[in-house]
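Be aware that the sequence shown starts at 0, since it is given in numbering that gives the first Met the number 0, and climbs by one per residue.
Cβ atoms here follow ideal geometry from the backbone N, Cα and C, with glycine treated the same way.
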Amino acid sequence: MSKIELKKRLLEVCITRQQVTAAELQHEVDETLRLSNEYGAPKDRYDPYRTKLMNQNNLFAKQLEQANTLLVTLQKIPVDREITTVEFGAIVITSKQKIFVSVGLGKLMLDGENYYAVSPIVPIYEAMRGKKAGDTFVFNGQTFEILDVF
């Protein structure tokens, strides 16, 4: 499989995972609104059940907004632009793990291989930012050799 094809497939895995997350959160928002509407108007000024429902709804709505923001960020990653240094959108193959600099989704599995989708604001990215194949960096006391960047 070519590097571009690998990046496209890995990006599809990330987008699909994020779409599922957003759909689940949308369901939770809809469900808390439904429950709130069924419950009706507040029974008194300090109605704890309705307050709880509205707080849950606000929480899910914020999480949904964040999930949609991450989805938009993923959709902006160029898959066919050549990348030779560690930057946003790069797949970095190191001596210890395979990292996709995109959004913080954590461990992903593709064709039996583990990849880690990390955000460009995490410390490991800072340690390897701007480096290229053949360079090394130290993170958490461990030395990583960059085998490939694309």
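Considering Cα atoms alone, identify which of Q17, L146, G140, D43 is closest to T83.
L146
Name the one or two DSSP bridge partners that F99 has.
I90, A116
State buried or exposed for A22, treating a residue as buried only when at least 16 other CB atoms are found within 10 Å of its CB.
exposed
Which partner residues of Q17 appear in the DSSP bridge assignment?
Answer by DSSP bridge pairing: none, since Q17 is not bridged.
Buried or exposed for I3, going by 16 or more other Cβ atoms inside 10 Å?
exposed
Would you grab the beta carbon distance between V12 and L109 for me? Rounded to a whole angstrom, and I think it's under 8 Å.
6 Å
V12 - DSSP class collapsed to helix/strand/coil:
helix
D147 - partner residues in DSSP beta bridges
I92
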